[in-house]
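Participant: Under the working numbering, the first sequence has 588 at position 494, and the numbering climbs by one with no breaks.
We treat Cβ as the ideally placed atom computed from N, Cα and C, and that holds for glycine.
None of the values given here were measured: they were computed from a predicted structure.
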Amino acid sequence: MISVSPFKEFRDECETALRDALKKMYPQISFPPITLEYPPSPEFGELASSMCFELAKQTAEKPRKMADKIAKAIEVSRFPLIRSVEAAGGGYINFHVNLADFFRLTLEPARALDTEYGYVRADEPRKIVVEHTSVNPIHPIHIGQARNPVLGDALARILKAHGHTVFRHYYIDDVGRQSAVIAYGYEKLGKPKPEEKPDHLIGVIYTITSCIMEVHRLKREIEQATEETSELQKQLDDWMSVADNLKNKFPELFTQLLAKINKDENPESKVNNLIRGYESGEEKAKQLIREVCQLCMKGFKETLSRAEIFYDSWDWESDVVWSGDVVQVLDKLKTTPYAFQLGGILEFDADKVAKDLNLKQQLGLMEDYEVPSLTLVRADGTTLYTTRDIPYSLWKFREAERVINVIGMEQTLSQMQLKLALYALGYLEQAENLTHFAYNLVRLPGYRMSSRRGRYITLDEVMDEAVKRAYEEVCKRSPHLSDEEKHRISNFVGLGAMKYALVAVDPAKPVVFTWDRVLDFEKNSAPYIQYSHARACSILRKACREPEEPDYSLLTTPLERDMVLTLARFPEVFVEAAESLKPNVVADFVNGLADKFNTFYNALPVIRAEPLGLSDARLALVDAARIVFRNSLNLLGIEAPERM
RNA sequence: GGGCCCGUUGCCUAGCCCGGAUUAAGGCGCCGGCCUUCGGAGCCGGAGAACCAGGGUUCAAAUCCCUGCGGGCCCGCCA
């Protein structure tokens, strides 16, 4: 029987030992579940308990005295992995692991399980949909949005490794107003054929069209206003300066579009007609909008596959609408007490659902907080984004028991309303298994990205720049390589650096984008970890032998102890990342492993170590490290190269 | 007005959910070392310095609770 999670075996032994000793020495007291923590220093062992501080109150003893009695009561000989137990400090109980056995218990399974090491299976494997990216097909994917696919992809990989069946879905939002705007501009220009990446052209047309329309609308509003117009005037000035900017950057397109749009008496109503037509399935609108969106999606697929991020399903929002499911859901909602008419529109009373089903605490809300209601249907009969998201969520639940939506945290409210709508419809299980995986925005220094203003850095640009910088590094560091080799290396180094920068930070924290931050090649970066992996591979390659007779008792330095402990904890770290949906935990872990590995590498010889038993033990250690590097990087969607 | 999230050194980040032991841990930057030894995208050493503030709970608080302050986001017939 090989150990799937070596450190957990030791932990389990310590827990049992402690529990038994407590029961034996203090049968009269009640105690909570055993907890163990990592001691701050090796002299305190590998695991420690501070339970005596709390429990000593029940017996009116000094914590230290209690700890002494318990430590003495533990029969170490019953537990193969526990070398010794002692009381320490004011009342700690410290457990020391039997190092030589523990090394064997860690290194052998790691090497035997190889590509599976660390990937502990979930107790109950489930079918899970991870919906991510879902960038609107109206402009190129920009760096702010790129945090989404990188996180979503890592999440999907982690859950899959945890034994779940994972489906990665991209939701193509083609029904909203923004699609009608781009379609309108695209048609006005005579459906131009893109010469470069189609999503870039679409982005320019969208920005110009929406800017011109915004200026139109504001001018009209100012004309018709009966009161104060200074606020509107300010907005108008703002948009006029955006317009100037666009005119300078894209003079031809801008002039053409302006002339064409100005011919329309009321561009706004043309766009509204398109929205209505598309939603109700009019052939002409269908053809036009699908064409623009397809064109843009072609560009997206290019970008995403370059980033090595792939999907199992591309879901068109319009298909949800045309299937009739939106109408069906609305009809059903109308029969509940939670839908009501308000001056020609249909509203959803999210707060009433939360109250009736007593969900506020569960949703993390104060009892007196009133959840805003949600508009389901406009006065003209068309639906809104969140409305359509209700049947779409049910689609996703058709193939999965759990749905994770990777969506920016600015959508927290609408995601909550969506969940409440599922409750209102009686889909309790689905509502409970719907998770909003929220992440914070990526900002440019000084201002927020705005796709409507054409103010963004595209993911394509970031990848180009990343690879370009990586190429310069490769040329500096490995001038002897062939140019083809240099390009291959700079590709995975650049992309890795970018992904790592986006996945390594707690998603709840905002990221300010700077090139230096994203394209880091030093410590605490993907290239640093890739390099460590390549170094490990290099040693194994040069050793030209298998570690056939490792003598683990010869691994006696603190560096070796640290490394093995880290390798042994990988399965536990993985489980935490998978169960609490924290890809950044993996990034943090593997970076720490690289630190330890490089220190070890620098301080101790492996191949030439004497005697052979020691050399073999260190080789096994390096091999296990190589495996953990690779398996960790795989979870993050970052390549683990054998040379670089 | 209400809600959610964030606040750790000159800058960036980990630790917070689940409170524990010495000196709060790393990276960037700064200073000084290390290539006749398995790959210097590395290693070793040094200087420096921080848990937003104030209360509370506790034997013990960066971590839990309360009140403020600062920043971001949301509260739309946008997505």
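Going by C-alpha to C-alpha distance, which of V587, V556, V298 sits closest to Y565?
Facilitator: The closest CA to that of Y565, considering only V587, V556, V298, is found on V587.
Participant: Identify whether K221 lies in helix, strand or coil by the three-state DSSP scheme.
Facilitator: strand
Participant: Tell me, please, whether the region 368-383 touches the region 438-447 by the rule of three or more beta-carbon pairs shorter than 8 angstroms.
Facilitator: Fewer than three beta-carbon pairs drawn from the region 368-383 and the region 438-447 are found closer than 8 angstroms, and the two stretches are therefore not classed as touching.
Participant: Give a yes or no on contact between the region 306-323 and the region 241-250, applying the rule of three or more CB pairs nearer than 8 angstroms.
Facilitator: no
Participant: Indicate the three-state DSSP secondary structure (helix, strand or coil) for E666 in the structure shown.
Facilitator: E666: helix per DSSP, three-state reduction.
Participant: From the DSSP output, in three-state form, read off A598 for me.
Facilitator: coil
Participant: Assign Q272 to one of two classes, buried (16 or more other C-beta atoms within 10 Å of its C-beta) or exposed (fewer than that).
Facilitator: With 16 or more other Cβ atoms within 10 Å, it is buried.
Participant: Which residues bound the beta strand (DSSP E) around Y186?
Facilitator: For Y186, the enclosing beta strand (DSSP E) covers residues 186-191.
Participant: How big is the Cα-Cα spacing for C305 and S335?
Facilitator: Cα to Cα, C305 sits roughly 10 angstroms from S335.
Participant: For the 8 angstroms Cβ check, are there 3 or more pairs between the region 364-377 and the region 212-231?
Facilitator: In short, these stretches do not touch, since the Cβ pair count stays below three.
Participant: Rounded to whole angstroms, what is the Cα-Cα separation between E651 and E642?
Facilitator: Looking at the sequence provided, one finds Thr at residue 651 rather than Glu. Going by the C-alpha atoms only, they are around 21 angstroms apart.
Participant: For W489, collect the residues of the same chain with a Cβ closer than 8 angstroms to its Cβ; drop the 5 residues on either side in sequence, then sort them by chain order.
Facilitator: D409, V414, D419
Participant: State the Cα-Cα distance for the pair G185 and R113, rounded to the nearest angstrom.
Facilitator: Near 16 angstroms, if we compare the C-alpha coordinates of R113 and G185.
Participant: Among the candidates Y486, S487, M119, I439, whose CA atom is the shortest distance from the CA of G475?
Facilitator: Nearest C-alpha to G475: I439.
Participant: Would you identify the three-state DSSP class for I235, choosing helix, strand or coil?
Facilitator: coil
Participant: Once the 5 residues before and after I168 are set aside, which same chain residues still bring their CB inside 6 angstroms of it?
Facilitator: A111, A115, V179
Participant: For F404, count neighbouring C-beta atoms within 10 Å of its own C-beta (all shown protein chains included) and say buried if the count is 16 or more, exposed if not.
Facilitator: exposed
Participant: When you compare each of W609, S576, R492 to L538 by their alpha carbons, which one comes out closest?
Facilitator: W609
Participant: Under the rule that 16 or more other beta-carbon atoms within 10 Å means buried, what is M570, buried or exposed?
Facilitator: The sequence given here places Lys at residue 570; Met does not occur at that position. Looking at its Cβ environment, which holds fewer than 16 other Cβ atoms inside 10 Å, K570 is exposed.
Participant: Would T397 be called buried (16 or more neighbouring beta carbons within 10 Å of its own) or exposed?
Facilitator: By the beta-carbon neighbour count (other beta carbons within 10 angstroms, threshold 16), T397 is buried.
Participant: Below 8 angstroms between beta carbons: does that hold for Y432 and A518?
Facilitator: Yes, Cβ-Cβ distance for Y432 and A518 is below 8 angstroms.
Participant: Examine the Cβ distances between the region 676-690 and the region 612-630 and report whether three or more of them are shorter than 8 angstroms.
Facilitator: Contact between the region 676-690 and the region 612-630 is present: three or more C-beta pairs spanning the two stretches fall below 8 angstroms.
Participant: Please determine, among R158, S647, K676, the residue with the shortest C-alpha to C-alpha distance to R198.
Facilitator: Of the listed residues, the one whose Cα sits closest to R198 is S647.
Participant: Which whole-angstrom value is the C-beta distance of N725 and T153, which I expect to be below 8 angstroms?
Facilitator: Not quite, the Cβ-Cβ distance comes to about 46 angstroms (not below 8 angstroms), so this is no contact.
Participant: Would DSSP call Q122 helix, strand or coil?
Facilitator: coil
Participant: So which of E523, A532, L522 has the shortest CA-CA distance to Q509?
Facilitator: A532
Participant: What do you reckon, are the CB atoms on A718 and A194 nearer than 8 angstroms?
Facilitator: Cβ distance not < 8 angstroms, so A718 and A194 don't count as in contact.
Participant: I need the straight-line Cα distance from A560 to T480, nearest angstrom please.
Facilitator: 36 angstroms
Participant: In this structure, does DSSP put R215 in helix, strand or coil?
Facilitator: coil
Participant: In the DSSP assignment, the alpha helix (DSSP H) including I501 goes from what residue to what residue?
Facilitator: Careful: I501 lies outside any alpha helix (DSSP H), inside the beta strand (DSSP E) at 496-502.
Participant: Using the three-state DSSP reduction, which class does I439 fall into: helix, strand or coil?
Facilitator: strand
Participant: So, helix, strand or coil for V420, using DSSP?
Facilitator: helix
Participant: Should S399 go down as buried or exposed, given a rule of 16 or more other Cβ atoms within 10 Å for buried?
Facilitator: When all chains shown are included, S399 counts as exposed.
Participant: Using CA coordinates, which residue listed in I701, T429, L634 is at the minimum distance from R737?
Facilitator: The option with the nearest alpha carbon to R737 is L634.
Participant: How would you label K513, buried or exposed, when you count the other beta carbons within 10 angstroms and need 16 or more for buried?
Facilitator: buried
Participant: May I ask you to list the residues that DSSP assigns as paired with D409?
Facilitator: Y265
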